[in-house]
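*Asks:* So the sequence shown is numbered by numbering that gives the first Met the number 0: it starts at 0 and just counts up by one. So that we are looking at the same thing, I have put the structure below in structure tokens.
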Amino acid sequence: MPRRKTGKASKPEEDDAAAPLLQDGGADLEAQRLYNDEGGTSAVSMQSSLGPGTEGDGDDDGEMKSQKSSKRGSRSRLISGGGTEKDDMTRWDAVLWWFIGTLNNISFVICAASAKDILPTSVGVVYLANSFPSLIIRLSAPYWFDMVSYELRMFGCFVMFISGFGLVALAPGTGLKLVGVMLVSSQCGLGETSMLALQSRYGNTALTAWSSGTGAAGILGYFYVVLVNRWIGLSSESTLLIACCFGLLYYATFLQFTIPPPPTMASEDFDSLNTSSHNLSLTMSDRLRLTLSLWKWGVPLIVVYFAEYAMQSGTWSAIGIPDVSDADQRATFYQNANWCYQVGVLLSRSSGMLWRPSLSTLWVMPIAQVGLLVASTLNAAEHWWYDNSLLLASVVVGLFGGAVYVNGFRMIGEEVNADVRELAIAAAAVSCDIGTNIGEGVGVLVQSWIYTQNGIKE
Numbered sequence: 000m001p002r003r004k005t006g007k008a009s010k011p012e013e014d015d016a017a018a019p020l021l022q023d024g025g026a027d028l029e030a031q032r033l034y035n036d037e038g039g040t041s042a043v044s045m046q047s048s049l050g051p052g053t054e055g056d057g058d059d060d061g062e063m064k065s066q067k068s069s070k071r072g073s074r075s076r077l078i079s080g081g082g083t084e085k086d087d088m089t090r091w092d093a094v095l096w097w098f099i100g101t102l103n104n105i106s107f108v109i110c111a112a113s114a115k116d117i118l119p120t121s122v123g124v125v126y127l128a129n130s131f132p133s134l135i136i137r138l139s140a141p142y143w144f145d146m147v148s149y150e151l152r153m154f155g156c157f158v159m160f161i162s163g164f165g166l167v168a169l170a171p172g173t174g175l176k177l178v179g180v181m182l183v184s185s186q187c188g189l190g191e192t193s194m195l196a197l198q199s200r201y202g203n204t205a206l207t208a209w210s211s212g213t214g215a216a217g218i219l220g221y222f223y224v225v226l227v228n229r230w231i232g233l234s235s236e237s238t239l240l241i242a243c244c245f246g247l248l249y250y251a252t253f254l255q256f257t258i259p260p261p262p263t264m265a266s267e268d269f270d271s272l273n274t275s276s277h278n279l280s281l282t283m284s285d286r287l288r289l290t291l292s293l294w295k296w297g298v299p300l301i302v303v304y305f306a307e308y309a310m311q312s313g314t315w316s317a318i319g320i321p322d323v324s325d326a327d328q329r330a331t332f333y334q335n336a337n338w339c340y341q342v343g344v345l346l347s348r349s350s351g352m353l354w355r356p357s358l359s360t361l362w363v364m365p366i367a368q369v370g371l372l373v374a375s376t377l378n379a380a381e382h383w384w385y386d387n388s389l390l391l392a393s394v395v396v397g398l399f400g401g402a403v404y405v406n407g408f409r410m411i412g413e414e415v416n417a418d419v420r421e422l423a424i425a426a427a428a429v430s431c432d433i434g435t436n437i438g439e440g441v442g443v444l445v446q447s448w449i450y451t452q453n454g455i456k457e
């Protein structure tokens, strides 16, 4: 695995290690350790590590450690205090974050767009293989991510990217092709969860650039398949094999990153090749409680993803304008609706620097998304509003989904204590996959119900 150039690094001091999430001292101390107070993260963290009842020389030591922590914070590129972050990013940094977001998610989109070519008789199985492995990785992330460096994780993503598309393109049997799809799903899930966590060291600009890139992946991924397979006329196998080039660009882009130290670690004590994951001294119980404590941001993510994927896989696949009984017209509307949806996602995921909704607004958007699911499903059965202007609703669905994504993770980065921020963001990322998988399952039932209401037999 290639090594990036780094400055001189020394072994981190023992007092720099993150203290356990939960310590003696009751619920108040637990709350202080988990969330930022207005008084500042560094002081709270250091006071907790000193323990209650420290006086005299201990006060002087505490003051010196607090000053030291403050000095270290100023050296990092992500400065934490009072739940806010300060960006120190160049335009080149933002470009790198946009490209890594695009290239990470384009693999998932290419597999989804090629599902009928991979397994013509069972597209649903391809979709399941393209999403379930990612769910497993995200579920397990809080229990091991901080023990494995970003470099090693991203190298693993690169290997899975290349081998996954290689198997899908060249494997002789259906089983091996599905293994390839599962490798691509694992790459996408591992890469997204890792980079979402890493962006917390940079600030909101990195999150917005990353989110915008993932939104662009939906448009560019579908465009790539249409361009190479349909317009140029190459076979599906060749289209998927050429996609390996995206894997090379993906890893090459990551190698351009200069990973800053965690906000609680001094720059001179940081070796980005060995300690960039910031190993935490947390028990399994602590990690589970941290994950569950993120519910007020995780629930909106689950709900908004559930509603939009139920519409994509169920409602939109059962609409054909003007004749719902025509399979070609249903396929055309489904494709156009997904294009419009991706436009909405790109716009809203790119808005992180322009709009900062409150937590209550974050909850309102998923509720509105569920309302769109119900209304569009009933409309697909009854045909109250049945022309191509329906595509405007698909744009709105994308706007809601993208806005909840970028702002949900922004709020976690601002509210969670710096010691556990990266692990918290990685833990919250599973909400997206939970909502996606539930939505796809419900979508099968929705499509069947609409077919029955419209007398479609297929």
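In this text, a Cβ means the ideal position worked out from N, Cα and C, and glycines have one as well. None of the values given here were measured: they were computed from a predicted structure.
#1: Tell me the DSSP secondary structure of Val373 in three-state form.
#2: Taking Cβ positions only, does Gly217 come closer than 7 angstroms to chain D?
#3: Quick check on the burial criterion: 16 or more other C-beta atoms within 10 angstroms. Buried or exposed for Ile231?
#4: If you draw a straight line from the alpha carbon of Gln368 to that of Arg329, how long is it in whole angstroms?
#5: Flag Ser312 as yes when its Cβ comes closer than 6 angstroms to any non-hydrogen atom of the ligand FMN, and as no otherwise.
#6: Given Arg355, which residues of its chain have a CB within under 8 angstroms of its CB, disregarding the five upstream and five downstream residues?
#7: Using 7 angstroms as the threshold, is the C-beta distance between Glu467 and Asn335 below it?
#8: Could you work out which residue in Ser447, Arg229, Leu289, Tyr308 is closest to Pro365 when comparing CA atoms only?
#9: Please report the straight-line C-alpha distance between Trp91 and Asp145, rounded to a whole angstrom.
#10: As a quick exercise: from Leu239, Gln186, Ile136, pick the residue whose alpha carbon is nearest that of Ala428.
#11: Give me, in chain order, the residues of the same chain whose beta-carbon lies closer than 7 angstroms to that of Ser235; leave out the 5 immediate sequence neighbours on both sides.
#12: Below 8 angstroms on the Cβ atoms is my guess for Ile99 versus Gly212; work out the distance and round it to an integer in Å.
#13: Ignore the nearest five residues each way along the sequence and tell me which others in Leu386's own chain have a CB closer than 7 angstroms to its CB.
#14: Suppose the cutoff is 6 angstroms on Cβ atoms and the five residues either side in sequence are ignored; what does the same chain contact list for Phe305 look like?
#15: Along the chain, where does the alpha helix (DSSP H) containing Thr435 start, and where does it finish?
#16: Could you check if Thr238 is buried or exposed, using at least 16 other CB atoms within 10 Å of its CB as the buried criterion?
#17: Mind reading off the beta-carbon distance from Gly246 to Phe160? Whole number of angstroms is fine, and I expect it under 8 angstroms.
#18: How is the alpha helix (DSSP H) around Ile136 delimited, first residue to last?
#19: Out of curiosity, what's the CA-to-CA distance linking Leu134 and Ser106?
#20: What runs of the beta strand (DSSP E), each 3 residues or longer, lie entirely inside the region 88-133?
#21: Are there 16 or more other CB atoms within 10 angstroms of the CB of Gln255, so buried, or fewer, so exposed?
#22: Taking 8 angstroms as the threshold, find out whether the region 176-186 comes into contact with the region 151-167 through three or more Cβ pairs.
*Replies:* Let me lay it out:
#1: helix
#2: Absence of chain D from the displayed structure is noted, only one protein chain being present.
#3: exposed
#4: 22 angstroms
#5: This structure does not include the ligand FMN; it has no bound ligands of any sort.
#6: Once the five neighbours on either side are set aside, the close Cβ partners of Arg355 are Asn406, Arg409.
#7: Coverage of the chain is limited to positions 0 through 457, which leaves residue 467 absent and any answer about it impossible.
#8: Tyr308
#9: 27 angstroms
#10: Ile136
#11: Only Ser113, Asp116, Asn228 meet the Cβ criterion.
#12: 7 angstroms
#13: Looking at the sequence provided, one finds Asp at residue 386 rather than Leu. Closer than 7 angstroms at Cβ, skipping near neighbours: Ile320.
#14: Taken in chain order, the residues that qualify are Gly434, Ile437, Gly438.
#15: 429-452
#16: buried
#17: Phe160 and Gly246 do touch by the CB rule: their CB atoms are close to 3 angstroms apart, below 8 angstroms.
#18: 131-139
#19: 16 angstroms
#20: none
#21: exposed
#22: yes
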